[in-house]
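Since the structure comes first, as structure tokens, the remarks are kept for the end.
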């Protein structure tokens with residue numbers, strides 16, 4: 005493995021990685037980055053299985069962090085355990101602060117202030133882990149939201165380099181890959197859930213239409229803001 009300095013700009017890395025297929029990207033990524041530099045999180049949602057499968061093939065040593073907000077569907081927890089067993093994944097749960105989590109439950113912050121609820125239960129539990137890594141592998145795909153459509157293979161965000169190996173695949177490619185490899189689907193997808201997050205903030209709907217339904221909110225806060233590649237100087 006040849007390590008690359010994470011000081012290398014996202015622009016330079018994008019020149020290397022953008023022309024490649026997602027599998028070629030995974031192979032090159034492994035050659036350029038040290039294991040201890042790399043963070044990977046998964047929601048074990050309806051579109052998580054493809055990247056989880058790729059991780060099991062190309063980075064079997066990779067720890068998979070699951071942010072357990074305590075609000076997940078039981079089906080998601082069972083799906084997490086199923087994929088961990090089938091793919092041989094090393095999955096570790098991250099839990100929010102117990103007191104803060106209880107406050108969000110008692111005051112139903114998912115109704116009154118979903119952004120803060122996400123911060124307490126998703127964003128903050130990851131911060132100590134994120135601080136120990138330089139590169140974060142994500143499963144973001146451009147067809148999912150307008151925000152994600154503006155992302156590149158590599159993005160710098162809040163001091164960490166994000167690697168989005170699947171960013172430019174379309175949904176047809178996702179279905180082809182998962183069908184070809186006969187990968188298990190999230191059980192709630194068959195019930196009409198196109199995307200699955202916390203139970204209180206997830207409704208049935210195509211794509212991500214059921215997430216925070218009726219609100220302008222489209223992201224949980226783990227991947228916030230405008231892509232660095234689109235930001236303009238103030």
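Residue numbers (the working numbering): 5 to 238.
Yeah, the Cβ is synthetic: ideal placement off N, Cα and C, and Gly gets one too.
Being a predicted model, the structure only gives us computed values, none of them experimental.
Given 8 Å, three or more beta-carbon pairs between the stretch 119-137 and the stretch 39-49: Cβ pair count under 8 Å is three or more, so yes.
To the nearest angstrom, how far is the alpha carbon of residue 183 from that of residue 113? Here the alpha carbon of residue 183 sits roughly 38 Å from the alpha carbon of residue 113.
Whether residue 47 touches residue 201 by CB criterion (8 Å): Cβ distance < 8 Å, so residue 47 and residue 201 count as in contact.
Once the 5 residues before and after residue 121 are set aside, which same chain residues still bring their CB inside 7 Å of it? These residues qualify, in order along the chain: 108, 113, 114.
Locate the beta strand (DSSP E) running through residue 44, then write down its first and last residues. Looking at the DSSP string, the run of the beta strand (DSSP E) that includes residue 44 is 42-44.
Suppose you measure from the CA of residue 178 to the CA of residue 188; what does that come to, to the nearest Å? Cα to Cα, residue 178 sits roughly 13 Å from residue 188.
Going by beta carbon distance, what residues of the same chain come within less than 7 Å of residue 146, once the five residues before and after it are set aside? Answer for residue 146: 152, 153, 155, 171, 172, listed in chain order.
Which one or two residues does DSSP pair with residue 71 in a beta bridge? DSSP lists 98 as partners of residue 71.
Jot down the residue ranges of each uninterrupted alpha helix (DSSP H) in the stretch 133-214, minimum 4 residues, whole runs only, in chain order. Fully enclosed alpha helix (DSSP H) runs of no fewer than 4 residues occupy 150-153, 175-184 of the stretch 133-214, in order along the chain.
Can you tell me the Cα-Cα spacing of residue 35 and residue 62, whole angstroms? Looking at the two C-alpha atoms, the distance is approximately 11 Å.
7 Å Cβ shell around residue 95 - same chain, five flanking residues per side excluded: Close CB contacts of residue 95 within its chain, under the 7 Å cut and outside five residues either way in sequence, are with 68, 70, 84, 88 (chain order).
Does the beta-carbon distance from residue 105 to residue 74 come in below 8 Å? Against a cut-off of 8 Å, the Cβ pair of residue 74 and residue 105 comes out as a contact.
CA nearest to the CA of residue 128, picked from 98, 186, 139: Residue 128 has its Cα closest to that of 98, out of 98, 186, 139.
Grab the span of the alpha helix (DSSP H) containing residue 80 for me, first residue to last. In the DSSP annotation of this structure, the continuous segment of the alpha helix (DSSP H) that includes residue 80 starts and ends at 78-91.
At which residues does the alpha helix (DSSP H) containing residue 116 begin and terminate? Run containing residue 116: 113-116, per the alpha helix (DSSP H) assignment.
Only counting the same chain, and skipping five residues up and downstream in sequence, which positions put a Cβ closer than 8 Å to that of residue 54? The answer, listed in chain order, is 143, 170, 178, 181, 182, 187.
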